[in-house]
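Visitor: Taking our numbering, the leading residue of the sequence shown gets 1472, the next gets one more, and so forth.
One structure follows; several queries about it will come next.
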Amino acid sequence: GEQVGETTRKYSDAIVKAEKHVSSLGEKFVANTKKVAQFAMSTALIGAFTSSIYKAVEAVKEYDDAMTGFRKVSDLSGQGLEDYANQLGVLGESVYRSKTEMLDASTIFKQGGYTEAESANLALTATLFQNIADNEISASDSASMVISQLKAFNMEATDSAMLVCVISRISNYYAVSSSDLATGLTASGAAMATFGNSFNETASLVTAGTEIFQGKAGQVARGLNTIAGRITQNEDLLA
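Right, dumping it as structure tokens:
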């Protein structure tokens, strides 16, 4: 009986020790888990903070580059330039575009010979087109599309809104995207205008061709330029 009692006591002591050991391991595990979680959280916070700093620095650099580009084509400087940029920023807010994007677009128009006031309003039109375009397009590419049509068809700066409305309406009713139309019009506008076509006629031809050759607006435009040139040559020969 004493032997059995002694054996039972030893087992009891062993169980108690095991429980204490397991409990200790559990506490250490929980403590370590908390430390790991705290470390991970701290690392994430540091990473997010660092990322935000990099983005802020990059945004400042992009804005400085945009200002430098505009300064090269404008007589504005100092406070006058800052005021103009701030005005662009206010205009950009109405179409959810940044001051940098507005400056980039305005620079394109200023290079085209428009005044600061005209360039600001044209930049608003160009960034508006960015919003309605089916595919992502940069402010400078959008501005290039608008200015190419204004120059090709001898339109006034105030006609720019009409251009965007026509492109938007066509893309809504026909199987051609606004970005394809922009590509086709930019590539064909000047040549088609030289051959006597209006903006509406050119837009219609680009639409008809691109509906058939989906995603190939550039090729359609080059084809139209070639066809128009040959028609003109034949007319000259017949005359």
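Ideal Cβ positions, reconstructed from N, Cα and C, are used throughout, including at glycine.
Since the model is a prediction, treat every value here as computed from it, not as a measurement.
1) How many Å lie between Gly1686 and Asp1651 at the Cα?
2) Would Thr1673 and Val1647 be called neighbours here (beta carbons separated by less than 8 Å)?
3) Once the 5 residues before and after Ser1565 are set aside, which same chain residues still bring their CB inside 8 Å of it?
4) Restricting to Cα atoms, I'd like to know which of Gln1620, Arg1568, Phe1624, Gly1551 is closest to Ile1608.
5) Can you give me the Cβ contacts of Glu1572 inside the same chain, cut-off strictly under 7 Å, excluding the 5 residues immediately before and after it?
6) Mind listing, in chain order, the continuous alpha helix (DSSP H) runs of no fewer than 4 residues lying wholly within the region 1624–1686?
7) Is it the case that the Cβ atoms of Ala1576 and Ser1613 are separated by a distance below 8 Å?
8) Helix, strand or coil for Thr1697 per DSSP?
9) Would you report the Cα separation of Leu1621 and Lys1532, rounded to the nearest angstrom?
10) Would you say the beta carbon of Thr1578 comes nearer than 7 Å to a heavy atom of the ligand HEM?
11) Where does Gln1550 fall in DSSP's three states?
12) Less than 6 Å between C-beta atoms, sequence neighbours within five positions excluded: which residues of the same chain meet that for Gly1689?
Guide: The answer reads as follows:
1) 7 Å
2) The Cβ atoms of Thr1673 and Val1647 lie no closer than 8 Å to each other.
3) Leu1595
4) Nearest Cα to Ile1608 within the set Gln1620, Arg1568, Phe1624, Gly1551: Arg1568.
5) So the qualifying residues of the chain are Gly1563, Thr1598, Ala1610.
6) 1631–1644, 1649–1665, 1670–1683
7) yes
8) helix
9) One C-alpha to the other measures close to 31 Å.
10) For the ligand HEM, the structure offers nothing, since it holds no ligand at all.
11) helix
12) Thr1654, Ala1658
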